[in-house]
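One structure is given below, encoded as structure tokens.
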Amino acid sequence: MSIETIRAYYDGFNAGDLDAMLDCLSDDFVHDANEGARRDGKAAFAAFCTHMNRCYKETLTDMVIMVSEDGTRAAAEFLVNGAYLETDAGLPEARGQTYVLPAGGFFSLEGSKITRVTTYYNLQDWIKQVS
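Just so you know, we're using this note's numbering here: the sequence shown kicks off at 1 and counts up by one.
Here you go:
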């Protein structure tokens, strides 16, 4: 079931459907982003996603999902195809710049729910693309 959970999570992301993403998460969910502090819980993650959706319009393509034999760990590799819509604090000025950025996510799962997502991308590559 875990590959379906990861796929549903990213399908929700691509559709801009935060509720669909939140439905994939456990109540004790944690989010570790490439840059920044850990977010504990669905509410903190929802606030993060709301902020990101205001500043960026992104679609993930070329998705490859891998799941451990016991279904408790997963990884996904993909391309982030985005547009920078609104200047994010501490980053270059947004002017609608587009970018394509390789990225990945690592997951912990319990049953059919995601308990942790850790996201990685090359921030310096992104800055170079939008500067």
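Note that beta-carbon positions come from the ideal geometry of N, C-alpha and C, so glycine has one too.
Of all alpha-carbon atoms in Asp-19, Ser-26, Ala-47 and Gly-36, the one lying nearest the alpha-carbon of Arg-116 is that of Ser-26. Spanning the alpha carbons of Leu-79 and Asn-14 requires a straight line of approximately 12 Å. Rounded to the nearest whole angstrom, the C-alpha separation of Pro-92 and Asp-70 is 42 Å. In the structure shown, the three-state DSSP call for Ser-108 is strand.
Nearest to Glu-4 by alpha-carbon distance, out of Cys-55, Arg-95, Asn-81 and Ala-74, is Ala-74. For a cut-off of 8 Å, the C-beta gap from Ala-44 to Thr-119 is around 14 Å, too long to register as a contact. Comparing alpha-carbon positions, the option among Asn-122, Ile-114, Phe-107 and Glu-77 lying closest to Tyr-99 turns out to be Asn-122. When secondary structure is reduced to three states using DSSP, Gly-16 falls in the coil class, being assigned neither helix nor strand. When the five nearest sequence neighbours on each side are left out, the beta carbons in the same chain lying within less than 6 Å of the beta carbon of Ser-2 are those of Val-67, Gly-71, Ala-74 and Leu-109, in order along the chain.
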